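>
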Amino acid sequence: MNKILIAYFSHRGENYVAGRLVELPVGNTERVAEMIARHTGGDLFRIERTTPYPATYKACVAEAVRELREQVRPPLTARVDHMDAYDTVFVGYPNWCGTMPMAVQTFLEAYDLTGKTLVPFCTHEGSGLANSLADLARLCPASRLLPGLAVRGSQAAEADAEVAAWLGTLALPK
Numbered sequence: 001m002n003k004i005l006i007a008y009f010s011h012r013g014e015n016y017v018a019g020r021l022v023e024l025p026v027g028n029t030e031r032v033a034e035m036i037a038r039h040t041g042g043d044l045f046r047i048e049r050t051t052p053y054p055a056t057y058k059a060c061v062a063e064a065v066r067e068l069r070e071q072v073r074p075p076l077t078a079r080v081d082h083m084d085a086y087d088t089v090f091v092g093y094p095n096w097c098g099t100m101p102m103a104v105q106t107f108l109e110a111y112d113l114t115g116k117t118l119v120p121f122c123t124h125e126g127s128g129l130a131n132s133l134a135d136l137a138r139l140c141p142a143s144r145l146l147p148g149l150a151v152r153g154s155q156a157a158e159a160d161a162e163v164a165a166w167l168g169t170l171a172l173p174k
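Numbering of the sequence shown is given in full-length UniProt numbering, commencing with residue 1 and proceeding in unit increments.
Spelled out as structure tokens, the structure:
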């Protein structure tokens with residue numbers, strides 16, 4: 001039986017949505033992760049830095065740019081217990097600077113994902129998955145990478161039908 005993990009990073013607080021700054025009590029990627037969990041029955045795991053990213057948009061972007069430029073691997077608050085029990089790992093993130101946040105890279109590098117099926121999904125405001133698929137393939141070369149889903153952050157709360165349709169196209173392990 002295919003055991004599924006939905007590991008995601010999501011930013012609460014001030015976010016750029018549809019051309020303006022909006023305060024989000026629940027991040028866009030978290031909303032999509034919850035939809036995937038409802039449709040698949042998978043376990044949710046929130047990827048969090050030990051020091052949270054700033055709540056304000058401009059400060060968060062500045063921190064994300066610095067981490068990417070310096071290739072920082074920020075420490076995380078928790079680890080997945082028994083990662084070896086999961087066959088499929090959905091990996092979710094907002095598209096920051098053309099790829100996934102460095103906290104997601106920390107997460108991916110913390111485990112041996114050899115032979116696992118990885119399924120990326122992201123939220124964005126116009127750049128889609130961008131370079132994140134190539135980065136995911138580079139970080140996890142011994143994993144099976146399935147087609148990803150990119151959801152506009154401004155549409156994340158209403159993306160359930162889009163998520164369900166995408167899930168229906170995936171060749172997940174049995």
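We put the CB at the ideal spot given by N, CA and C, even for glycine. Keep in mind it's a predicted model, so treat the numbers as computed, not measured.
#1: With distances taken between CB atoms, is the gap from E109 to L139 smaller than 8 Å?
#2: Using the Cβ count rule (16 or more neighbours within 10 Å means buried), how would you classify V26?
#3: Is the stretch 14-23 touching the stretch 77-84, taking contact as three or more C-beta pairs under 8 Å?
#4: Determine the DSSP secondary structure at T88, reduced to helix, strand or coil.
#5: With a 10 Å radius around its C-beta and 16 neighbouring C-beta atoms as the bar for buried, classify N2 as buried or exposed.
#6: What does DSSP give as the partner residues of R144 in its beta bridges?
#7: Under three-state DSSP, which class holds T106?
#8: Is the separation between the beta-carbon of P120 and that of L129 shorter than 8 Å?
Short version:
#1: Yes, Cβ-Cβ distance for E109 and L139 is below 8 Å.
#2: So V26 ends up on the exposed side.
#3: no
#4: strand
#5: exposed
#6: Paired residues: T117.
#7: In the three-state DSSP reduction, T106 falls in the helix class (H, G or I).
#8: yes
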